[in-house]
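Visitor: Just so you know, the protein sequences line up as chains A and B, in that order. The first sequence begins at 1 in UniProt numbering and counts up one residue at a time. The second sequence begins at 1 in UniProt numbering and counts up one residue at a time. Following this message is one structure expressed as structure tokens.
Protein chains: 2
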Amino acid sequence: MDPNTQLPAVGMIGGGQLARMTHQAAISLGQSLHVLAADESDSAAVVTPRTTVGDWSDAADVLAFAEGKTAVTFDHEHVPQEVLRALEDAGVRIEPGADALLYAQDKQAMRERLSKLDLPMPRWAPVSSVSDVEAFGYPCVLKAATGGYDGKGVWMVDNPTEAQEVLSSGVRLIAEERVPLLREVAVQIARTPSGETRVYPVVETVQRDGICVATIAPARIGEELEAEARRVAETVASELGVTGMLAIELFQTNDGLLINELAMRPHNSGHWTIEGAVTSQFEQHLRAVLDYPLGSADLTAPVVVMANILGGPDGGPRLDERIQKMAAEIPEARLHLYGKAIRPGRKIGHVTVSGADVDSARRSALRAAQWIREGR
Amino acid sequence: MDPNTQLPAVGMIGGGQLARMTHQAAISLGQSLHVLAADESDSAAVVTPRTTVGDWSDAADVLAFAEGKTAVTFDHEHVPQEVLRALEDAGVRIEPGADALLYAQDKQAMRERLSKLDLPMPRWAPVSSVSDVEAFGYPCVLKAATGGYDGKGVWMVDNPTEAQEVLSSGVRLIAEERVPLLREVAVQIARTPSGETRVYPVVETVQRDGICVATIAPARIGEELEAEARRVAETVASELGVTGMLAIELFQTNDGLLINELAMRPHNSGHWTIEGAVTSQFEQHLRAVLDYPLGSADLTAPVVVMANILGGPDGGPRLDERIQKMAAEIPEARLHLYGKAIRPGRKIGHVTVSGADVDSARRSALRAAQWIREGR
């Protein structure tokens, strides 16, 4: 609790764009987000005065940071379980807690837990040898149980040679069937420690090379699957004891929805909510973490398209000039830049376009992202 | 220009809530607002790391602050003309410039200038003696030519005794007729140094004791007056050479619209644009100051109501608890707190509700503001 403002002090571990956008939301709630950043040039560190530079994997750094905070939450899921336990043992309120976060950190633990809940998933098995993979069957997907993101830690394997190559890296692995996709979708849900939940409309996620290129809200999947996604979200959030935002990525197949991944924080597939929902996922995350009543998750427009901006090749016009070209051509685009140095393939921002028509909103959003990425 | 981000560095003089909300908008544009605050506990100073504490009336402080900024702009209109001229003489790009800002600082200069443009205004005259006021006629309004805001510097006078009392304060005054109001409205326009403009829909401003209680967008004034307000906004912005946001407060009378006040910055009557327009007045101000192409000023909902939150009487529940009560009852309310210590009558935040129906949106917004103000 901040004695001057009579308002809580929230600490976020990690100084990336999620912390940056959470700070924007915190300002509206009368607060200023406290950030534990790895570097003072981090995306969030450059926009909030309450930055501590430290190591999120070091219990001493994290405990020192947590001192005096009403609650501590996360911009990523890399904080080790032993550090999370040390925080809880010290009486720090962390949201989500270590028990829940485990399932966002460890895909094997997640698959085992969701299997017990009888939730729809691709067929899967833990594998530690070529014969395990052989027994599971080719073709399949091998996934690192921990540490993967944005397509990293995921391998398509078709034969023992490829399986051996992945196994030789020594990381703990699970195998999953390759499901015939109609579409990828995601659903966001917020849950408070008191158990209140709010589910956002399901969104389509357009993927390329394992990276989300764009999202389309609401997903064009029909009422039945929408209801099924919401049921899955409610079940996962309450059964796993998630607090804050939970994002569930799902595969849509001919047989319905299958759970792909979980993230327990604001997530790229929810960036559209800044303009596209009454309450953004960032404010909702703060409300949930603080056990405040949640805000409306209703759409603000018939269609909301978000396009990610990845760093493009070197050269071309300065970023400043690219923004101006984009702004001149697409006055309805809502730009969000993360203040990061541009490197090819790195997520440096996103753009959102709301409207009445999917094709036109998507065209504008992707065109706007292209202006920033390529300068043309 | 920031060498790391290839983006401009904007400085804002004044660390109030306008700078605070401009910082939120700057973050989305990839920047971090630089703020010259009077105190390190100022509303904006507590949420941006780029704060300089200094005196906005001191040319040396302001010149030092301006060093290295792409452009310098303002959270208030109190910076003296001699300081503005010193900035311009030093080659600092200030937006709006000293010539334009004069008309937001000096009501007499504003009235003289707008008279020459033949724009609709209440009858007015400069007055410096009781006989001047007598000649102008009772009842009338006396206004301090400089320094007034939120009802301060404005006196209703009905007779020579009252006029004498105001005159004895020694401030330079103008007299204005008291016009029979149907309604008060305001119009926001952004203008870039290149001359591009965007006008926002006209809003109704609900006033009590000279303070804006709420705004209703769009104003229910009919197409003809809407067009007239837009014409006035375009004329004032271009003829006075305004850059950045310009707010014009107008009286609606039986004979049409009359210009009341000008402000050359984001303004309370434009706070609704954060959720209610595609581009908020804060981002639009930054775009205009930087000579970026402007964003769409279209409404995002049929009706958008903003209610100011004033500090209420001492006692009652903690602010934190008030927020929770409000959030539980009105999940559609968008809260904006300014991080200011609560004092009776002080603007400490605002709340916005979008919807399809004026009465219901207004009821929700005013109820939400009451929760925060009174805790019940």
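The beta-carbon is built from N, C-alpha and C at its ideal position, and this holds for glycine as well. Because the structure is a prediction, the values reported are computed rather than measured.
#1: Residue 2 of chain A bridges to which residues according to DSSP?
#2: Please state if the CB of residue 130 of chain B and the CB of residue 167 of chain B are separated by a distance shorter than 8 Å.
#3: Taking any Cβ of chain A, which residues in the segment 38–57 of chain B have a Cβ under 9 Å from it, in chain order?
#4: Have a look at residue 255 of chain B and residue 290 of chain B and give me their C-alpha separation to the nearest angstrom.
#5: In chain B, which residues lie less than 7 Å from residue 336 of chain A when you measure between Cβ atoms?
#6: Which residues, in order along the segment 92–121 of chain A, keep a beta-carbon less than 7 Å from a beta-carbon of chain B?
#7: Comparing the C-beta of residue 20 of chain B with each C-beta of chain A, is any distance below 8 Å?
#8: What residue ranges within the segment 186–269 of chain B form continuous alpha helix (DSSP H) runs of no fewer than 4 residues, ordered along the chain?
#9: Within the same chain, show all residues whose beta-carbon is closer than 7 Å to that of residue 126 of chain B, passing over the 5 residues directly before and after it, in chain order.
#10: Just checking my contact of residue 244 of chain A with residue 95 of chain A at CB under 8 Å: how many whole Å lie between their CB atoms?
#11: By how many angstroms is the C-alpha of residue 197 of chain A removed from the C-alpha of residue 154 of chain B?
#12: Any chance you could list the alpha helix (DSSP H) runs of at least 4 consecutive residues sitting entirely within the segment 110–147 of chain B, in chain order?
#13: Would you please verify whether the beta carbon of residue 180 of chain B is less than 8 Å from any beta carbon of chain C?
#14: Between the segment 295–320 of chain B and chain A, which residues of the former have CB atoms less than 8 Å from a CB of the latter, in chain order?
#15: Using 8 Å as the Cβ pair cut-off and three pairs as the minimum, do the segment 306–313 of chain B and the segment 344–363 of chain B touch?
#16: Using a beta-carbon distance below 8 Å, is residue 7 of chain A in contact with chain B?
#17: Flag residue 32 of chain B as yes if its beta-carbon sits less than 8 Å from any beta-carbon of chain A, otherwise no.
#18: Give the secondary structure of residue 309 of chain A by DSSP, where H, G and I count as helix, E and B as strand, and everything else as coil.
#19: With DSSP run on the structure shown, which of helix, strand or coil describes residue 76 of chain A?
#20: Would you list, in chain order, the members of the segment 264–286 of chain B that have their beta-carbon closer than 7 Å to a beta-carbon of chain A?
#21: Hey, would you say residue 276 of chain A sits closer than 8 Å to residue 287 of chain A, going by beta carbons?
#22: Run down chain A in chain order and give the residues with a C-beta less than 7 Å from the C-beta of residue 324 of chain B.
#23: Can you tell me whether residue 201 of chain A is buried or exposed, with buried defined as 16 or more other CB within 10 angstroms of its CB?
#24: Please confirm whether residue 247 of chain B and residue 267 of chain B have their CB atoms less than 8 Å apart.
#25: Does the count of Cβ pairs from the segment 311–318 of chain B and the segment 48–65 of chain B closer than 8 Å reach three?
#26: How about residue 339 of chain B: is its C-beta nearer than 8 Å to some C-beta of chain A?
#27: What does the alpha-carbon distance come out to for the pair residue 208 of chain B and residue 82 of chain A?
#28: Where residue 293 of chain B and residue 220 of chain B are concerned, what is the direct C-alpha to C-alpha distance, given to the nearest angstrom?
#29: State the Cα-Cα distance for the pair residue 326 of chain B and residue 47 of chain A, rounded to the nearest angstrom.
#30: Would you list, in sequence order, the uninterrupted alpha helix (DSSP H) runs of no fewer than 4 residues that lie entirely inside the segment 291–343 of chain A?
#31: Run down chain B in chain order and give the residues with a C-beta less than 9 Å from the C-beta of residue 327 of chain A.
#32: Could you give the distance in angstroms between the alpha-carbon of residue 102 of chain A and the alpha-carbon of residue 73 of chain B?
#33: Quick check: the Cα distance between residue 263 of chain B and residue 369 of chain A, rounded to an integer number of angstroms?
#34: Where does residue 33 of chain A sit, in a helix, a strand or coil, going by DSSP?
#35: For residue 44 of chain A, does the three-state DSSP call read helix, strand or coil?
#36: Taking the DSSP output, what are the residues bridged to residue 168 of chain A?
Guide: Reading off the structure:
#1: To locate residue 2 of chain A, count along the first sequence from 1; it is residue 2. DSSP lists A/7 as partners of residue 2 of chain A.
#2: For the purposes of this step, residue 167 of chain B is identified with residue 167 of the second sequence, where counting begins at 1. For the purposes of this step, residue 130 of chain B is identified with residue 130 of the second sequence, where counting begins at 1. Going by C-beta atoms, residue 167 of chain B is nearer than 8 Å to residue 130 of chain B.
#3: 41, 45, 46, 47, 48, 49, 50 and 51
#4: Translated into positions along the second sequence, residue 255 of chain B becomes position 255. Translated into positions along the second sequence, residue 290 of chain B becomes position 290. The alpha-carbon atoms of residue 255 of chain B and residue 290 of chain B are separated by roughly 39 Å.
#5: Here residue 336 of chain A refers to the residue found at position 336 when the first sequence is read from its first residue. Simply 28.
#6: none
#7: Translated into positions along the second sequence, residue 20 of chain B becomes position 20. Yes, residue 20 of chain B lies at the interface with chain A (some Cβ there is under 8 Å from its Cβ).
#8: 222–239
#9: The residue you call residue 126 of chain B lines up with position 126 of the second sequence. Here the set comprises 108 and 174.
#10: Stepping through the first sequence from its first residue, residue 244 of chain A is reached at position 244. Stepping through the first sequence from its first residue, residue 95 of chain A is reached at position 95. That pair is a contact at about 5 Å.
#11: By 1-based counting over the second sequence, the position of residue 154 of chain B is 154. By 1-based counting over the first sequence, the position of residue 197 of chain A is 197. Cα to Cα, residue 154 of chain B sits roughly 50 Å from residue 197 of chain A.
#12: 130–136
#13: Within the model displayed, chain C is absent; protein chains A and B are what it includes.
#14: 295, 296, 298, 300, 301, 318, 319 and 320
#15: yes
#16: Taking the first sequence and counting its residues from 1, one reaches residue 7 of chain A at position 7. Closer than 8 Å to some Cβ of chain B, the Cβ of residue 7 of chain A qualifies, so yes.
#17: Your numbering for residue 32 of chain B matches position 32 in the second sequence. Taking Cβ atoms only, chain A reaches closer than 8 Å to residue 32 of chain B, which makes this a yes.
#18: Counted from its first residue, the first sequence places residue 309 of chain A at position 309. Correct three-state label for residue 309 of chain A: strand.
#19: As a first step, residue 76 of chain A must be located in the first sequence, where it is residue number 76. In this structure, residue 76 of chain A counts as coil in the three-state DSSP scheme.
#20: 278
#21: To locate residue 276 of chain A, count along the first sequence from 1; it is residue 276. To locate residue 287 of chain A, count along the first sequence from 1; it is residue 287. In this structure, residue 287 of chain A does not lie closer than 8 Å to residue 276 of chain A by Cβ.
#22: By 1-based counting over the second sequence, the position of residue 324 of chain B is 324. What residue 324 of chain B touches in chain A: 292 and 293.
#23: The residue labelled residue 201 of chain A in the question sits at position 201 within the first sequence. Burial call: buried.
#24: Reading the second sequence from its first residue, position 247 is the one you call residue 247 of chain B. Reading the second sequence from its first residue, position 267 is the one you call residue 267 of chain B. Yes, Cβ-Cβ distance for residue 247 of chain B and residue 267 of chain B is below 8 Å.
#25: no
#26: One-based indexing of the second sequence puts residue 339 of chain B at position 339. Yes, because at least one Cβ of chain A sits closer than 8 Å to the Cβ of residue 339 of chain B.
#27: On the second sequence, position 208 is the one that residue 208 of chain B refers to. On the first sequence, position 82 is the one that residue 82 of chain A refers to. Roughly 57 Å separates the two Cα atoms.
#28: Residue 293 of chain B sits at position 293 when you count from the first residue of the second sequence. Residue 220 of chain B sits at position 220 when you count from the first residue of the second sequence. Taking the straight line joining both Cα atoms gives about 30 Å.
#29: Locating residue 326 of chain B in the second sequence gives position 326, where the first residue counts as 1. Locating residue 47 of chain A in the first sequence gives position 47, where the first residue counts as 1. Cα to Cα, residue 326 of chain B sits roughly 29 Å from residue 47 of chain A.
#30: 319–329
#31: Residue 327 of chain A sits at position 327 when you count from the first residue of the first sequence. Near residue 327 of chain A (Cβ distances below 9 Å), the residues of chain B are 287, 292, 293, 294 and 295.
#32: Within the first sequence, numbered from 1, the residue matching residue 102 of chain A stands at position 102. Within the second sequence, numbered from 1, the residue matching residue 73 of chain B stands at position 73. Their backbone Cα atoms lie some 48 Å apart in a straight line.
#33: Here residue 263 of chain B corresponds to residue number 263 of the second sequence, with the count starting at 1. Here residue 369 of chain A corresponds to residue number 369 of the first sequence, with the count starting at 1. Spanning the two alpha carbons is a distance of roughly 35 Å.
#34: Locating residue 33 of chain A in the first sequence gives position 33, counting from the first residue. Three-state result, residue 33 of chain A: coil.
#35: Start at 1 with the first residue of the first sequence, and residue 44 of chain A comes out as number 44. Coil at residue 44 of chain A, not helix or strand.
#36: Along the first sequence, read from residue 1 onward, the residue named residue 168 of chain A stands at position 168. Answer is none; residue 168 of chain A lacks a bridge partner.
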